[in-house]
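Scroll down for the structure; my scribbles are underneath it.
Residue numbers (the working numbering): 657 to 915.
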């Protein structure tokens with residue numbers, strides 16, 4: 657396995673809100689914030705308090721955390737109502753099973769080219785529900801149950817303009833601020849430790865402990881990247897803020913003989 661590191665020119669700010677209903681030992685509402693795919697804040701409906709998850713985020717004072725907390729307590733109530741609305745819409749109003757409503761939003765900024773991108777999407781029970789197309793400021797509804805929401809939200813042009821402005825300006829300003837706060841951590845590079853695990857007929861290259869997250873791992877054959885019979889695992893976070901990734905190669909008996 658070979659590794660290439662892409663330069664950390666693209667920075668991202670992402671928030672994940674998750675609401676659950678039903679008999680489950682998990683907070684009714686959680687919010688997680690990530691900068692460059694590393695967690696920097698957390699909130700849940702059990703503690704009702706937004707907290708920093710990195711040293712550099714402690715630079716924000718009590719006012720910031722109070723306002724985050726109040727906003728997320730409000731989001732919890734909104735999501736509670738939304739999950740009930742969706743259960744009704746999917747004919748699950750009597751369902752006692754577990755249902756999940758999620759929101760993922762945020763922005764990306766290329767600190768060299770200056771290009772920016774924003775995203776705002778919702779999911780229900782693991783499927784896409786509705787997403788904002790920032791180019792047209794219209795909502796995309798991939799399921800019939802989402803069409804009502806799309807039409808209602810499309811008609812709220814003032815809010816859609818606000819969202820467009822938020823994702824192209826305000827979100828980017830926050831991202832730049834956080835990147836500046838955490839630059840000694842976020843701009844570091846840590847090489848991975850790599851191990852090979854052989855389990856006939858496949859060989860796995862496992863890279864771990866690297867930072868930033870956008871390391872490319874590839875198999876090479878005769879000096880060329882080899883993509884045939886290769887399965888790429890997801891990049892996953894480690895507890896210490898670094899990342900890990902696996903890449904599996906299925907080998908023919910002939911390949912094994914020659915290597």
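For every residue, glycine included, the Cβ atom is placed at its ideal position computed from N, Cα and C.
Note that this is a predicted model, so its numbers are computed, not measured.
| query | result |
| --- | --- |
| Is the CB-CB distance between residue 866 and residue 898 below 7 Å? | yes |
| When DSSP labels each residue in this structure, what does residue 858 get in the three-state scheme? | strand |
| Report yes if the C-beta distance between residue 760 and residue 733 is below 7 Å; otherwise report no. | no |
| With residue 737 as the anchor, note down where its alpha helix (DSSP H) starts and where it stops. | 718-745 |
| From the DSSP output, which residues share a beta bridge with residue 904? | 860 and 887 |
| Which residue wins for smallest C-alpha separation from residue 765, given the options 809, 828 and 694? | 828 |
| Under 6 Å Cβ to Cβ from residue 662, same chain only, skipping five residues before and after it: list those, please. | Here the model assigns residue 662 a pLDDT of 47, short of 50, so the residue's position is not dependable and the matter cannot be decided. |
| By Cβ distance below 8 Å, which residues in the same chain neighbour residue 671 in space, the five residues on each side in sequence not counted? | 687, 688, 689, 690, 759, 760, 761 and 762 |
| Does the separation of the CB atoms of residue 709 and residue 696 fall below 7 Å? | yes |
| For residue 866, write down the residues that DSSP places opposite it in a beta bridge. | 899 |
| For residue 902, count neighbouring Cβ atoms within 10 angstroms of its own Cβ and tell me buried if that reaches 16, exposed if not. | buried |
| Could you give the residue range of the beta strand (DSSP E) that holds residue 796? | 794-796 |
| Based on DSSP bridge pairs, tell me the residues matched to residue 691. | 669 and 694 |
| To the nearest angstrom, how far is it from the Cα of residue 783 to the Cα of residue 818? | 26 Å |
| At the level of alpha carbons, what is the spacing between residue 736 and residue 685? | 8 Å |
| Suppose the cutoff is 7 Å on Cβ atoms and the five residues either side in sequence are ignored; what does the same chain contact list for residue 779 look like? | 758 and 785 |
| Using a Cβ-Cβ cut-off of 7 Å (strictly less than) and excluding sequence neighbours within five positions of residue 908, which residues of its own chain qualify? | none |
| Within 10 Å of its beta-carbon, does residue 752 have 16 or more other beta-carbons around it, so buried, or fewer, so exposed? | exposed |
| Please report the residue range of the alpha helix (DSSP H) in which residue 809 lies. | 803-810 |
| Quick check on DSSP: helix, strand or coil for residue 881? | strand |
| Take residue 891 and list the residues in its own chain whose beta-carbon comes closer than 6 Å to its own, dropping the five residues that flank it on each side. | 869, 899 and 901 |
| Taking buried to mean at least 16 other C-beta atoms within 10 Å of its own C-beta, is residue 774 buried or exposed? | buried |
| Apply the 10 Å Cβ neighbour rule to residue 724 and answer buried if 16 or more other Cβ atoms are within range, or exposed otherwise. | buried |
| Between which residues of its own chain and residue 713 is the CB-CB distance below 8 Å, once the five residues before and five after are set aside? | 696, 697, 834, 837 and 838 |
| Since residue 754 and residue 879 should fall inside the 8 Å C-beta cutoff, what is the C-beta to C-beta distance between them, to a whole number of angstroms? | With 8 Å as the limit, residue 754 and residue 879 do not qualify as a contact, their Cβ atoms being about 50 Å apart. |
| Could you check what DSSP says for residue 800 in three-state terms: helix, strand or coil? | helix |
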